[in-house]
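Protein chains: 2
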Amino acid sequence: MLNWENMFATRSSRMRASEIRELLKLLDQPDIISFAGGIPDPALFPDKEFQAAYADIFNSAAVSSALQYSVSEGYKPLREWLVKQMAALDIFCELDNVFIVSGSQQGLDYLGKLFLSPKDTALVAWPTYLGALQAFNAYEPSYDQLTPNGNRTPDSYRATAAQNGGKVKFAYLSADFSNPTGETVDRAGRENVLELAEELDIAVIEDAAYQSLRYDGEPIPPILALEIAKKRHIDNTRTIYCGSFSKTLAPGLRVGFVVANAPVIRKLVLMKQAADLHSSTINQMAITKVAERGFDAQVAKIKAAYSHRRDAMLAALAKHMPAGITWTKPEGGMFIWITLPKGMDGAALLAKSIETAKVAFVPGRAFFADGSGENTIRVSFSCANDVMIEEGIGRLGKLIAKEIGS
Amino acid sequence: MLNWENMFATRSSRMRASEIRELLKLLDQPDIISFAGGIPDPALFPDKEFQAAYADIFNSAAVSSALQYSVSEGYKPLREWLVKQMAALDIFCELDNVFIVSGSQQGLDYLGKLFLSPKDTALVAWPTYLGALQAFNAYEPSYDQLTPNGNRTPDSYRATAAQNGGKVKFAYLSADFSNPTGETVDRAGRENVLELAEELDIAVIEDAAYQSLRYDGEPIPPILALEIAKKRHIDNTRTIYCGSFSKTLAPGLRVGFVVANAPVIRKLVLMKQAADLHSSTINQMAITKVAERGFDAQVAKIKAAYSHRRDAMLAALAKHMPAGITWTKPEGGMFIWITLPKGMDGAALLAKSIETAKVAFVPGRAFFADGSGENTIRVSFSCANDVMIEEGIGRLGKLIAKEIGS
Chain A
1 MLNWENMFAT RSSRMRASEI RELLKLLDQP DIISFAGGIP DPALFPDKEF
51 QAAYADIFNS AAVSSALQYS VSEGYKPLRE WLVKQMAALD IFCELDNVFI
101 VSGSQQGLDY LGKLFLSPKD TALVAWPTYL GALQAFNAYE PSYDQLTPNG
151 NRTPDSYRAT AAQNGGKVKF AYLSADFSNP TGETVDRAGR ENVLELAEEL
201 DIAVIEDAAY QSLRYDGEPI PPILALEIAK KRHIDNTRTI YCGSFSKTLA
251 PGLRVGFVVA NAPVIRKLVL MKQAADLHSS TINQMAITKV AERGFDAQVA
301 KIKAAYSHRR DAMLAALAKH MPAGITWTKP EGGMFIWITL PKGMDGAALL
351 AKSIETAKVA FVPGRAFFAD GSGENTIRVS FSCANDVMIE EGIGRLGKLI
401 AKEIGS
Chain B
1 MLNWENMFAT RSSRMRASEI RELLKLLDQP DIISFAGGIP DPALFPDKEF
51 QAAYADIFNS AAVSSALQYS VSEGYKPLRE WLVKQMAALD IFCELDNVFI
101 VSGSQQGLDY LGKLFLSPKD TALVAWPTYL GALQAFNAYE PSYDQLTPNG
151 NRTPDSYRAT AAQNGGKVKF AYLSADFSNP TGETVDRAGR ENVLELAEEL
201 DIAVIEDAAY QSLRYDGEPI PPILALEIAK KRHIDNTRTI YCGSFSKTLA
251 PGLRVGFVVA NAPVIRKLVL MKQAADLHSS TINQMAITKV AERGFDAQVA
301 KIKAAYSHRR DAMLAALAKH MPAGITWTKP EGGMFIWITL PKGMDGAALL
351 AKSIETAKVA FVPGRAFFAD GSGENTIRVS FSCANDVMIE EGIGRLGKLI
401 AKEIGS
């Protein structure tokens, strides 16, 4: 075989197999109760609605264009629907502020590509969405810790970035029910991030993948909405909003969106033209039909199901976890974040859990850009039923109690 | 507005609007005969077959997985179909040599990302596929001229690459009926490229987008097939084969593929996991069904239509073009490449042609990495009928004759 590593670009050294994903491949066994995945429950997909949408496309004159190349910015009726949808979130925008991508993961990849030269710094939470770190890694950044309610000064960020050989380019955060913690950044935290971004003259990337999935508590305006209220027009703002249909409608079509000021959108459209021309035409059309016909009803349906599961899991944790274990109480999303006693290792716990308790979850360390977070784990309730939750959390609680005792 | 240019990565300066694409947006007028596009004729899409494929997916137990996340390497039955399909081309491979991408354009983007550090050199033909230049540009390479039947020495490539501050990383070419020239690299040329790649220790990227569309003449084995024959096993080869369903079945689903040695495929899969997770699950399933049920019949149908159009356009060129004009005689594909007299500018001719002759085509210069090729133009016959061809080439011939005379 050839020595390919010699031929690859330097960036390729940061494209490594995720230990988690490799591990999770092993967990597809029927006797394991898995809280590891973070995927939507397929039983809740609007499959009849999608069936009707594709059938309608094939029974109309649109079929030729559905199968043909289309424009890089995305299908116009879908962008029009999004303009209206965004207005309900106080994100007032026009067509040229909306760009369709192949899932919001692609939005993150493109934004890494647009902003990050090697050695530039991205600000991310400790922990943050693993997929964001993976997307950004290809562009060889350094990371520094974003603390929305912390006390880091702009100068301290500038100094660290300069030490690492570049500039701070953006702050990335998921403000609502983030993966992995399920936590929400409050309004003051959002304002702080905006102020910091202003002082550093950087972009804010708002990952809104879970924003529609609020089960209780008062909605907090998206960061982009807060900024539009201040700057009067979206084209004056620095927040770039990444949205997804994967958690609300279905991920298998790979349709997501980016809403931002027109100069950034124009650049992203050029990037997409060069990178994959456009997202699937027929899938954009199908998403449009399903969204137009019943987005709110579908969201109401999944919120009812997921909030019940969250309640069940929080109750099971309260019942089964030994003293010294803490966890988040998410108001939405799919995840609960558990902090184990200091010194207990989430990855070692998983290995034991699979062996003995037959319960799977995700060790937390991979979500930390600095490799910390050993004593954390992520559990998801999105695909679990009451029986699985009671039994699985029960077994996990016993295992952890035993570990603490030993 | 903010000064975004200051915030963007250096690579973004090479993401520019294509003059051609901007121009072509203006050509969507009913009174213009356009040979500019290079897209498949939607009248030839297997729309009934796709309708049945999507309907079958929704009427089966597969619907949940069709709408769900799936693996980054691609849908296994589609990769299995491709393994068989490739064997018919003497490309003997296994499942782990096949990777599904969102159109072969994405394959080119990923390969640029995998191989090119800034200032590295990519070898490309003068002219070459514009979309390849656009995809590679994001990774800030230099270009040098690949001449499959020329006499450049490996040392001369090395020296130029070193002058430009990097190393030669790959040779990119479309060996069959390339966009824009329609020409084919003969067997000796393919062997020469392989030999050069061997001496330079670089990859060969074989863009096979048009390879299925041969209308006459003897098929020449793909470069990857020639190399497998020599090296005995695909995992010993350096050729990376990029294939497409866009020209044979339909582009709107965004499904293409890369076939190569396992180490490169593994790296591409990791890259895709970070960049967009996977290509649309439902579309991969639909392509699989349509391909399994009648790929060869569909290819036979479009070859019959396109070869007739090519014949008509070659006849019209012979009839209407004044002396001093030459053009290629493609054995397949969608394009004919016209060389105008020296000093005549293709872009200026287009401006005049739209104004007076009402005929559109693509000026050739954008296809040249060195900005040469002023006196060339590309015409496509893929969406033209006999009347359009006779009338349009007639008008274009008259305009060129007038220009030569003036």
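Sequences listed follow chains A and B, in order.
Residue 377 in the UniProt record's numbering sits at position 377 of the first sequence, and the numbers go up by one each step.
Residue 261 in the UniProt record's numbering sits at position 261 of the second sequence, and the numbers go up by one each step.
Glycine included, C-beta positions come from ideal geometry on N, C-alpha and C.
Note: Thr239 (chain B) is bridge-paired with B:Val204 in the DSSP secondary-structure output. Measuring C-alpha to C-alpha distances from Leu268 (chain A) to each of A:Val290, A:Val101, A:Lys329 and A:Lys48 identifies A:Val101 as the nearest. In this model, Asp47 (chain A) and Leu350 (chain A) are separated by some 34 Å (Cα to Cα). Within the region 339 to 371 of chain B, the complete alpha helix (DSSP H) runs of at least 4 residues fall at 346 to 352.
In this structure, DSSP gives Lys48 (chain B) a helical state, which the three-state scheme calls helix. Against Ala162 (chain A), chain B offers no close residue; the least beta-carbon distance is about 16 Å (beta-carbon pairs closer than 9 Å).
Inter-residue distance for Trp126 (chain B) and His320 (chain B) is about 27 Å (C-alpha atoms, whole angstroms). Contact check for Trp337 (chain B) against Arg365 (chain B) fails: the beta carbons are separated by 7 Å or more. When DSSP states are grouped into helix, strand and coil, Lys169 (chain B) belongs to the strand group.
Cβ proximity to chain B below 8 Å picks out Leu270, Met271, Gln273, Ala274, Ala275, Asp276, Leu277, His278, Ser279, Ser280, Thr281, Ile282 and Asn283 from the region 268 to 286 of chain A. Considering only beta carbons, the part of the region 228 to 252 of chain A lying closer than 8 Å to chain B consists of Asp235, Asn236, Arg238, Ser246, Ala250, Pro251 and Gly252, in chain order.
If you ignore the 5 residues before and after Thr326 (chain B), its C-beta comes within less than 7 Å of the C-beta of Thr339, all in its own chain and listed in chain order. Sorting B:Ile220, B:Asp41, B:Ala9 and B:Glu198 by C-alpha distance to the C-alpha of Ile91 (chain B) places B:Ile220 at the top.
Sixteen is the threshold: when 16 or more other Cβ atoms of the shown chains lie within 10 Å of the Cβ of Pro148 (chain B), as they do, the residue is buried. Residues of chain B whose Cβ lies closer than 9 Å to the Cβ of Ile202 (chain A) are, in chain order, Met7. Within chain A, no residue has its beta carbon less than 8 Å from that of Pro363 (chain B); the closest one is some 18 Å off. Boundaries for Ile100 (chain A): no alpha helix (DSSP H) harbours it, while the beta strand (DSSP E) harbouring it runs Val98 to Val101, taken from the DSSP string. Contact between Ser382 (chain A) and Ile39 (chain A) holds: their C-beta atoms lie close to 7 Å from each other, under 8 Å. Taking all protein chains shown into account, Lys167 (chain A) has 16 or more neighbouring C-beta atoms within 10 Å of its C-beta and is therefore buried. In terms of Cα proximity to Ile282 (chain A), the closest of B:Arg266, B:His278, B:Asp311 and B:Pro251 is B:Pro251.
At least one C-beta of chain A is nearer than 7 Å to the C-beta of Arg254 (chain B). In the three-state scheme derived from DSSP, where H, G and I count as helix and E and B as strand, Tyr157 (chain A) is classed as helix. With respect to Phe335 (chain B), Gly182 (chain B) sits close: the two C-beta atoms are nearer than 7 Å. The Cβ atoms of Gln284 (chain B) and Leu277 (chain A) lie no closer than 7 Å to each other.
Neighbours of Pro263 (chain A) in chain B, taken as residues whose beta carbon is under 9 Å from its own, are Met1, Leu2, Trp4 and Glu5 in chain order. Counted as a single uninterrupted DSSP element, the beta strand (DSSP E) harbouring Ser142 (chain A) occupies residues Ser142 to Gln145.
Contact annotation, Phe257 (chain B) with Leu67 (chain B): C-beta distance approximately 22 Å; criterion of less than 8 Å not satisfied. The beta carbon of Gly103 (chain B) sits closer than 8 Å to those of Ser244, Ser246, Pro251, Arg254, Val255 and Gly256, all from its chain and outside the five residues before and after it, given in chain order. In terms of beta-carbon proximity, Gln211 (chain B) stays away from the interface with chain A, with every pair separated by 7 Å or more.
Between Ala262 (chain A) and Asp96 (chain A), the gap from beta carbon to beta carbon is short of 7 Å. Taking CB atoms only, Asp207 (chain A) has no neighbour in chain B less than 7 Å away. The criterion of a C-beta distance shorter than 7 Å is satisfied by Leu194 (chain B) and Glu227 (chain B).
The contact set of Ala312 (chain B) on chain A, defined by CB atoms closer than 9 Å, is empty, because the minimum CB distance reaches about 23 Å. At a beta-carbon threshold of 8 Å, the residues of chain A lying near Ile39 (chain B) are Gln68 and Tyr69, ordered along the chain. The C-alpha of Cys242 (chain A) is placed about 45 Å away from the C-alpha of Met388 (chain B).
Residue burial is scored here from C-beta neighbours: Glu206 (chain B) has at least 16 other C-beta atoms within 10 angstroms and is therefore classed as buried.
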